[in-house]
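What follows is a short report on a single structure.
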Amino acid sequence: MTDVEKLLAIEAIKNLKSRYFQTIDGKDWDGYRALFTDDLVADMRASAGGYDESQLIHGADAYVGSLAPMLVDVTTVHHGHTPDITVESESHAHGIWAMEDKLWVAAGSDLPFRFMHGYGHYHESYVCQDGQWRIQKIRLTRLHVEIG
């Protein structure tokens, strides 16, 4: 790949991650699902300040299918910062994004908190399929979580 092709791939991946944040916060679950490969590995075991083995999910349908009902009564705001993206080839890349998110949980939700403010990193692998970059692996780690 030329340097220009790598830069174009990095920009496409940045746009992919921008759509990630927009679709999850907007609860556009079809749009969110379209961002992932079918064989997605979503590792959210360390995403809420503890460690929950049930949050290692294989398959994009299973991941989105478990997340959507959990966030029905939750207002979310996700921010991604300072992407560090490495393009390995025309079809593979990986990256790390600093992140911050806030969740406000409505009364009556099954979640064990009413507010969460988290800081951490997304660790991701990307694949280009049919000319579109998609997330193949996503792992969220936390540096700090405030729960109320």
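In this text, residue positions in the sequence shown follow the working numbering: the first is 138, and each later residue adds one.
Think of the CB as a built atom: it goes at the ideal place given N, C-alpha and C, for glycine as much as any other residue.
Check, Outcome
"Would you tell me roughly how many angstroms separate the C-alpha atoms of residue 264 and residue 273, rounded to the nearest one?", "6 angstroms"
"Kindly list the residues whose CB is nearer than 7 angstroms to the CB of residue 197, restricted to its own chain and excluding five residues on each side of it in sequence; keep chain order.", "170, 173, 174, 175 and 177"
"So the beta strand (DSSP E) residue 239 belongs to, where does it begin and stop?", "229-242"
"For residue 167, which option in 143, 284, 148 and 205 has the closest C-alpha, if you only look at C-alpha atoms?", "205"
"Going by beta carbon distance, what residues of the same chain come within less than 6 angstroms of residue 256, once the five residues before and after it are set aside?", "237, 280 and 281"
"So, residue 183 versus residue 194, is the Cβ gap smaller than 7 angstroms?", "no"
"Report the residue ranges of all alpha helix (DSSP H) runs contained in full by the stretch 148-186; include only those spanning at least 4 residues, in chain order.", "166-170"
"Whose C-beta lies closer than 6 angstroms to the C-beta of residue 239 among residues of the same chain, with five residues either side of it excluded?", "214 and 254"
"Between the Cα of residue 242 and the Cα atoms of 208, 218, 269 and 232, which residue gives the shortest distance?", "208"
"One question on the structure: do residue 181 and residue 277 come within less than 7 angstroms of each other, judged by their Cβ atoms?", "yes"
"Under the rule that 16 or more other beta-carbon atoms within 10 Å means buried, what is residue 157, buried or exposed?", "buried"
"Along the alpha helix (DSSP H) that carries residue 293, what are the first and last residues, could you check?", "As displayed, the chain neither begins before 138 nor continues past 285, which places residue 293 out of reach and without an answer."
"In the DSSP assignment, the beta strand (DSSP E) including residue 277 goes from what residue to what residue?", "269-284"
"Quick one: what's residue 221 bridged to in DSSP?", "233"
"On the criterion of 16 or more Cβ atoms from any shown chain inside 10 Å, does residue 261 qualify as buried, or is it exposed?", "buried"
"Between residue 222 and residue 150, which are expected to be in contact by the criterion C-beta below 8 angstroms, what is the C-beta distance as a whole number of angstroms?", "5 angstroms"
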